[in-house]
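Chains Z and D, in that order, are what the protein sequence lines are.
For the first sequence, position 102 (counting from the first letter as 1) is numbered 545 according to the numbering used here, and the numbering increases by one without interruption.
For the second sequence, position 87 (counting from the first letter as 1) is numbered 96 according to the numbering used here, and the numbering increases by one without interruption.
Ideal Cβ placement from N, Cα and C applies to all residues, glycine included.
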Amino acid sequence: MKRRSRIMYSPTRLSGARFHCGSHLHLLLAGVLAFLCSSVRAQVADDSTGVSVAIIAYQVGWTGTGTQNLSLSVTGLQGTQSTDLIQSPTTTTPQIMTRLAVGKTYPVTVNANGVKAATLQAVPPPGYVMEIEHIAREGYALKASQSVVNIRVRPRGRPVPERAGVATALATERTLWQVSLGTLSNGESAGAIAFIDVGAGSNISSIFSPNGLVYDPPSSEVQVTYNPSTVASPYVPGTIRQILAPQVCVDVYMGGAEVRSGDRLQTIRGDGLHIGSGYGVYSERIVVFEGV
Amino acid sequence: MSLRTFTVLVFVAAMMPVVGAAPSNKGTGAAHAANFDAALAQAHAGNLSAAEAALFRDNVQRQNTLAYDVECATKLVQLAAVLQQTYDYQNANTALQLAISTLDATSAAHQSDTPAIDRAQADELRGFVCDRYLHDPDSATAAFQRAQQLNPNSAAASDGLAKINSDKATKNRAIGGGNG
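So this is what it looks like as structure tokens:
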């Protein structure tokens, strides 16, 4: 069933003003209203067209037996870009220049045969940080038989507010809305759960569904549970079900109204995105997904 | 024969291999990108058979081999990764199931004609898919263990098993802690 969402948003406290997001106009109005009443300014990068990223593989070591070749491919905001297939004894692939939405994880696909070692390099423009496989770095030693490497560009500095549960204003950039998951035990940000437009949907309202929620754990302190491949509707296989972060618990619940207690969760339920303090003792629903 | 005629003949002869060769762009980035975009469009429309046809058009491995099937499965996983990235989880799940069934079929079909060390690749990929995309650590563990039996030096299998054990330990620690 196609769904869209209603975001109950307040910059300083969970649940407050209610916005109904279903069209560009509504979204724009909601963004302006949220901006005017916000005491916490939205820290969203100007990423309406994404940022340019250079990707290359170098120091390629070949096994010396059988088929030996390597190519890279990434599907960014302007479609798929691939390098030509290189073969032994070449040790560097051609460079890919692609545009990626800020804050969104993209899979770099590696088609490799007879490669025993290689280094993948992805370089963002100045002012941005590259994360490869969830760690801030620009080089990554490719592992044997790893066919997909996840990369993400984020702004330098703290990308989201520090306090757990504080949301950014609705925006018309690619990062449409995000809410902070607080901090890790070392004081670093635990990241944010967000709606990010990658230009794939026919309209922007299609992003405001459980499928559109984006989160990448920055540390093993944060546990993300995904819906398994056999999950029944309305849950969707592969989408986020629950996040356990040091300061908050996030629950994407689609099972109808329910009061549940036990296993450290005690919440009054309803379909939507719930965020609670600690490990989920009393949560508040801050996004409602509605069938349309 | 005049010098002019000779020069023309030499030029024509030099061009023959180029003119006569069938156009082949297999292995070029542009061809792969075009095939992948075509496959992506078909997959978004729910037509996974057409997506597979486009996706496998520029395969480099020889058909009817385990390596070819692993290449097909790898491409399906890559397609699923991009489908997930564009929020198309339903078709991504279908592509992943196709990849798994391809790997299972090829492991059974090539037991006698493929060395164990090569057959381990299919289980390594299966473990990777089960762990990262299907969120099924038990199936991933079983696949990595099979890969280790076939190739005791499999770095992918040992890395995969270490990651799954680490994830389990971290999750137990997280659920057991907290302030509630």
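Closer than 8 Å to chain Z by CB, residue i
i, result
"residue 77/D", "no"
"residue 45/D", "yes"
"residue 172/D", "no"
"residue 164/D", "yes"
"residue 32/D", "The predicted model places residue 32/D with a pLDDT of 37, which falls under 50 and marks its position as unreliable, so this point remains unresolved."
"residue 90/D", "yes"
"residue 100/D", "no"
"residue 180/D", "yes"
"residue 38/D", "yes"
"residue 93/D", "yes"
Residue i versus residue j: straight-line alpha-carbon distance, rounded
i, j, result
"residue 173/D", "residue 161/D", "18 Å"
"residue 111/D", "residue 630/Z", "45 Å"
"residue 496/Z", "residue 524/Z", "12 Å"
"residue 102/D", "residue 690/Z", "32 Å"
"residue 521/Z", "residue 685/Z", "32 Å"
"residue 494/Z", "residue 542/Z", "5 Å"
"residue 455/Z", "residue 597/Z", "Its pLDDT being 35, under 50, residue 455/Z is placed unreliably by the model, and the measurement read from it follows with that caveat. Residue 455/Z and residue 597/Z: Cα-Cα distance of roughly 24 Å."
"residue 552/Z", "residue 636/Z", "25 Å"
"residue 67/D", "residue 42/D", "10 Å"
"residue 648/Z", "residue 618/Z", "13 Å"
"residue 529/Z", "residue 535/Z", "8 Å"
"residue 500/Z", "residue 169/D", "23 Å"
"residue 72/D", "residue 78/D", "8 Å"
"residue 62/D", "residue 695/Z", "36 Å"
"residue 527/Z", "residue 514/Z", "6 Å"
"residue 716/Z", "residue 688/Z", "15 Å"
"residue 177/D", "residue 120/D", "33 Å"
"residue 179/D", "residue 582/Z", "26 Å"
"residue 58/D", "residue 108/D", "12 Å"
"residue 137/D", "residue 159/D", "16 Å"
"residue 390/Z", "residue 70/D", "As shown, chain Z starts at 444 and ends at 735. That puts residue 390/Z outside it, with no answer to give."
"residue 144/D", "residue 104/D", "15 Å"
"residue 565/Z", "residue 503/Z", "15 Å"
"residue 585/Z", "residue 575/Z", "11 Å"
"residue 88/D", "residue 148/D", "21 Å"
"residue 668/Z", "residue 531/Z", "41 Å"
Nearest residue (CA-CA) to residue i, options the options
i, options, result
"residue 593/Z", "569/Z, 578/Z, 606/Z, 599/Z", "578/Z"
"residue 167/D", "150/D, 107/D, 37/D, 77/D", "150/D"
"residue 181/D", "576/Z, 663/Z, 580/Z, 609/Z", "663/Z"
"residue 135/D", "96/D, 99/D, 62/D, 115/D", "115/D"
"residue 52/D", "38/D, 85/D, 39/D", "85/D"
"residue 48/D", "65/D, 72/D, 169/D", "65/D"
"residue 100/D", "682/Z, 719/Z, 713/Z", "682/Z"
"residue 650/Z", "515/Z, 621/Z, 558/Z", "621/Z"
"residue 505/Z", "716/Z, 688/Z, 673/Z, 556/Z", "556/Z"
"residue 508/Z", "668/Z, 558/Z, 667/Z", "558/Z"
"residue 571/Z", "546/Z, 678/Z, 530/Z", "546/Z"
"residue 175/D", "639/Z, 560/Z, 666/Z, 659/Z", "666/Z"
"residue 133/D", "122/D, 40/D, 113/D, 121/D", "113/D"
"residue 127/D", "96/D, 165/D, 109/D", "165/D"
"residue 659/Z", "580/Z, 548/Z, 532/Z, 533/Z", "548/Z"
"residue 37/D", "678/Z, 503/Z, 537/Z", "537/Z"
"residue 567/Z", "554/Z, 671/Z, 540/Z", "540/Z"
"residue 719/Z", "562/Z, 652/Z, 608/Z", "608/Z"
"residue 45/D", "121/D, 76/D, 91/D, 74/D", "91/D"
"residue 511/Z", "519/Z, 673/Z, 517/Z, 554/Z", "554/Z"
"residue 656/Z", "502/Z, 674/Z, 679/Z, 671/Z", "679/Z"
"residue 117/D", "83/D, 131/D, 107/D", "131/D"
"residue 82/D", "125/D, 144/D, 139/D, 40/D", "139/D"
"residue 599/Z", "544/Z, 569/Z, 713/Z, 562/Z", "569/Z"
"residue 74/D", "158/D, 123/D, 39/D", "123/D"
Expected contact under 8 Å - CB spacing of residue i and residue j to nearest Å
i, j, result
"residue 624/Z", "residue 610/Z", "In fact, because the Cβ distance is near 11 Å, the residues do not count as touching under 8 Å."
"residue 654/Z", "residue 142/D", "Wrong, their Cβ atoms sit about 15 Å apart, outside the cutoff."
"residue 171/D", "residue 163/D", "That belief does not hold up - the Cβ atoms of residue 171/D and residue 163/D are roughly 12 Å apart, past 8 Å."
"residue 591/Z", "residue 95/D", "The Cβ separation is near 15 Å, so there is no contact."
Minimum Cβ-Cβ distance from residue i to chain D less than 8 Å
i, result
"residue 482/Z", "Because residue 482/Z sits at a pLDDT of 30, beneath the cut-off of 50, its placement in the model cannot be relied upon, and the point is left open."
"residue 496/Z", "no"
"residue 650/Z", "yes"
"residue 528/Z", "yes"
"residue 629/Z", "no"
"residue 540/Z", "no"
"residue 564/Z", "no"
"residue 475/Z", "Bear in mind that a pLDDT of 35 at residue 475/Z, under 50, signals an unreliable position, so the model cannot answer this."
"residue 504/Z", "no"
"residue 571/Z", "no"
"residue 680/Z", "yes"
Length at least 3, wholly inside the segment 613 to 693 of chain Z: the beta strand (DSSP E) runs in chain order: 618 to 623, 635 to 639, 666 to 669, 683 to 687, all fully within the segment 613 to 693 of chain Z.
Secondary structure, alpha helix (DSSP H): runs of 4+ residues fully inside the segment 46 to 75 of chain D: The DSSP assignment places complete alpha helix (DSSP H) segments of no fewer than 4 residues inside the segment 46 to 75 of chain D at 57 to 64, in order along the chain.
Please list the segments of the alpha helix (DSSP H) lying wholly inside the segment 138 to 186 of chain D, counting only runs of 4 or more residues, in order along the chain. Within the segment 138 to 186 of chain D, the complete alpha helix (DSSP H) segments at least 4 residues long are 146 to 159, 164 to 185, listed from N- to C-terminus.
Can you list the beta strand (DSSP E) stretches of 3 or more residues lying completely in the segment 546 to 603 of chain Z, in chain order? DSSP runs (the beta strand (DSSP E)) wholly in the segment 546 to 603 of chain Z: 548 to 556, 558 to 566, 571 to 575, 582 to 584, 591 to 598.
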